[in-house]
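In my numbering, the protein residues as written are 59 to 389.
Ideal Cβ positions, reconstructed from N, Cα and C, are used throughout, including at glycine.
Just so we're clear, the structure is a prediction, and the values are computed from it rather than from any experiment.
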Ligand code: UT7
């Protein structure tokens, strides 16, 4: 069911500091060759100590608002998808609302890890059906704060960043023509951070046991990812009444180039229609899909009427997919 909600503008932001595979070679027992062949990643951006999620999210939001030509005062809802908020509360969305001076906006955070942006746009569409008119959805993570740079199985994968979109009404048949979000909590422990919440609050013992860092069963998550990207993508393509041939751009969550290529191949989407930037950013969690989409738009690759397939997946386990027909602004 088309929501008549589309993307008016996009933005992205990354920190200035680059961490290359070569840099990682001096931190852990790894090699540029292993990282490149197993993940496709060559470099990632890492936030300076003073940079928090709201800083990157704010920078991406400013760009998205400028791109959309929508003043902050016209935004009536801000959704921030993040698992690395500035602090447990208030919501990072409220901190960004204040910095934008978006005084007419309600603001809250969504916790769905790497699928967070897909959850955000699903909720944004639903809220627009309730009457909200201009929704700012930001995907941001400073995931490096949760990474143990002595653990080679995780530290090579992730990077920091933010992506943002402004949602607004579009002409019929444009915008999000079909979408879904989903979860399978039975896989919650496959990718998690044990401490820092109400089960194991921060304490000296939790720090000593490195319980504030990401723990991941990589192979299990990999298998889940390839399966769910295909299943979820096929469901939304079906809902949209189209086949994979009609998709101009497949913009998946950028976690590992092997996951992307395996899923694209199974879906029958050839390499020329797959957007990949994991080599430059690593896995930026909730920021990954909106950064990729912002780049696609910035490069002029998203043409009016083009069908774009977005798919996210991550901890939870969670996923979300959408088919988007680009353009059709009624502003
Ligand atoms: O947003 C969702 C987040 N997570 C993901 O999407 C992650 C999904 N999983 C993956 O992308 C892959 O499973 C990884 C990239 C994490 C790992 O690739 P893999 O091909 O599944 O490797 P593996 O875990 O089976 O490990 C193969 C070998 C192991 O050595 P042994 O046991 O074969 O001797 C690891 O110890 O590679 C070793 N290894 C490394 N070697 C060099 C693991 N990490 C590294 C490393 N450098 N950084």
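Report yes if the C-beta of residue 341 is less than 6 Å from at least one heavy atom of the ligand UT7; otherwise report no.
The residue labelled residue 341 in the question sits at position 283 within the chain shown. Result yes, Cβ under 6 Å from the ligand UT7.
State buried or exposed for residue 274, treating a residue as buried only when at least 16 other CB atoms are found within 10 Å of its CB.
The residue you call residue 274 lines up with position 216 of the chain shown. Counting C-beta atoms within 10 angstroms of its own C-beta, residue 274 has 16 or more neighbours from the protein chains shown and is therefore classed as buried.
Within the same chain, show all residues whose beta-carbon is closer than 7 Å to that of residue 103, passing over the 5 residues directly before and after it, in chain order.
Here residue 103 refers to the residue found at position 45 when the chain shown is read from its first residue. Cβ neighbours of residue 103 beyond the five flanking positions: 72, 73, 75, 76, 217, 218, 219, 339.
Taking 8 Å as the limit between beta carbons, can you name the residues of its chain near residue 106, skipping five residues before and five after?
Here residue 106 is taken as the residue at index 48 of the chain shown, counted from 1. Answer for residue 106: 73, 74, 75, listed in chain order.
Quick check on DSSP: helix, strand or coil for residue 70?
By one-based count along the chain shown, residue 70 stands at place 12. Three-state DSSP puts residue 70 in a strand.
Count the other C-beta atoms from every protein chain shown that fall within 10 angstroms of the C-beta of residue 61, then say buried if there are 16 or more, exposed otherwise.
The sequence position of residue 61 within the chain shown is 3, counting from 1. By the neighbour-count rule (16 or more Cβ atoms within 10 Å), residue 61 is buried.
Helix or strand or just coil, what does DSSP make of residue 377?
Counting from 1 along the chain shown, the entry for residue 377 is found at position 319. Strand.
Inter-residue spacing [alpha-carbon to alpha-carbon] between residue 84 and residue 93:
What you label residue 84 is simply residue 26 of the chain shown in a count that begins at 1. What you label residue 93 is simply residue 35 of the chain shown in a count that begins at 1. Answer to the nearest angstrom: the Cα atoms are 14 Å apart.
Tell me whether residue 266 sits in a helix, a strand or coil according to DSSP, three-state version.
As a first step, residue 266 is located in the chain shown; it is residue number 208 there, counting from the start. In the three-state reduction of the DSSP assignment, residue 266 falls in the helix class.
Who does residue 238 pair with in a DSSP beta bridge?
Against the chain shown, residue 238 aligns to sequence position 180. Answer is 379, bridged to residue 238.
Let me check you understand the geometry: is the CB of residue 335 closer than 6 Å to at least one non-hydrogen atom of the ligand UT7?
One-based indexing of the chain shown puts residue 335 at position 277. No.
Paired residues, beta bridge with residue 103 - DSSP
Sequence index remark: in the chain shown, residue 103 carries index 45 (1-based). As a beta-bridge residue in DSSP terms, residue 103 pairs with 76.
Comparing C-alpha positions only, which one of 160, 135, 295, 200 sits nearest to residue 189?
Here residue 189 refers to the residue found at position 131 of the chain shown. Comparing Cα-Cα distances from residue 189 to each of 160, 135, 295, 200, the minimum goes to 135.
With a Cβ-Cβ cutoff of 7 Å, do residue 206 and residue 375 count as a contact?
Taking the chain shown and counting its residues from 1, the one referred to as residue 206 is at position 148. Taking the chain shown and counting its residues from 1, the one referred to as residue 375 is at position 317. No. Outside cutoff.
Give me the Cα-Cα distance between residue 255 and residue 261, rounded to the nearest whole angstrom.
Mapped onto the chain shown, residue 255 falls at position 197. Mapped onto the chain shown, residue 261 falls at position 203. One alpha carbon belongs to residue 255, the other to residue 261, and they sit about 11 Å apart.
Three-state secondary structure assigned by DSSP to residue 92
Numbered from its first residue, the chain shown carries residue 92 at position 34. It is helical.
Exposed or buried, which one is residue 144 when buried takes at least 16 other CB atoms within 10 Å?
Residue 144 sits at position 86 when you count from the first residue of the chain shown. Residue 144 comes out buried.
6 Å Cβ shell around residue 326 - same chain, five flanking residues per side excluded:
Position 268 of the chain shown, counted from the start, is the residue given in the question as residue 326. For residue 326, where only same-chain residues beyond five positions count, the Cβ hits under 6 Å are 302.
Enclosing beta strand (DSSP E) for residue 348 [first to last residue]
Start at 1 with the first residue of the chain shown, and residue 348 comes out as number 290. From DSSP, residue 348 is part of no beta strand (DSSP E) but of the alpha helix (DSSP H) over 346 to 356.
The region 274 to 291 / the region 221 to 231 touching (three or more Cβ pairs under 8 Å):
No, the region 274 to 291 is not in contact with the region 221 to 231.
Is residue 88 close to the ligand UT7? I mean its beta-carbon at under 6 Å from any heavy atom of the ligand.
On the chain shown, residue 88 is found 30 positions in, with the first residue counted as 1. Flag set: Cβ of residue 88 near the ligand UT7.
Is it buried or exposed, residue 173, if we count other Cβ atoms within 10 angstroms and call 16 or more buried?
The residue given as residue 173 occupies position 115 in the chain shown. Buried, since its Cβ has 16 or more Cβ neighbours within 10 Å.
Extent of the continuous beta strand (DSSP E) run through residue 220
As a first step, residue 220 is located in the chain shown; it is residue number 162 there, counting from the start. DSSP places residue 220 in the uninterrupted beta strand (DSSP E) bounded by 219 to 227.
Can you grab the Cα-Cα spacing for the pair residue 284 / residue 320, in whole Å?
Your numbering for residue 284 matches position 226 in the chain shown. Your numbering for residue 320 matches position 262 in the chain shown. Each residue's alpha carbon lies about 7 Å from the other.
For the ligand UT7, is there any heavy atom lying closer than 6 Å to the beta carbon of residue 285?
As a working note, residue 285 is residue 227 in the chain shown. No, the ligand UT7 has no heavy atom inside 6 Å of this Cβ.
What does DSSP give as the partner residue(s) for residue 250 in the beta ladder?
One-based indexing of the chain shown puts residue 250 at position 192. According to DSSP, which records beta bridges pairwise, residue 250 is partnered with 273.
Residue 130 versus residue 86: straight-line alpha-carbon distance, rounded
In the chain shown, residue 130 corresponds to position 72, counting from 1. In the chain shown, residue 86 corresponds to position 28, counting from 1. Residue 130 and residue 86: Cα-Cα distance of roughly 44 Å.
Which of helix, strand or coil does DSSP assign to residue 310?
Here residue 310 refers to the residue found at position 252 of the chain shown. Looking at residue 310 - three-state DSSP - the assignment turns out to be strand.
Counting only runs of 3+ residues fully inside the region 97 to 145, write out the beta strand (DSSP E) ranges in chain order.
101 to 104, 135 to 139
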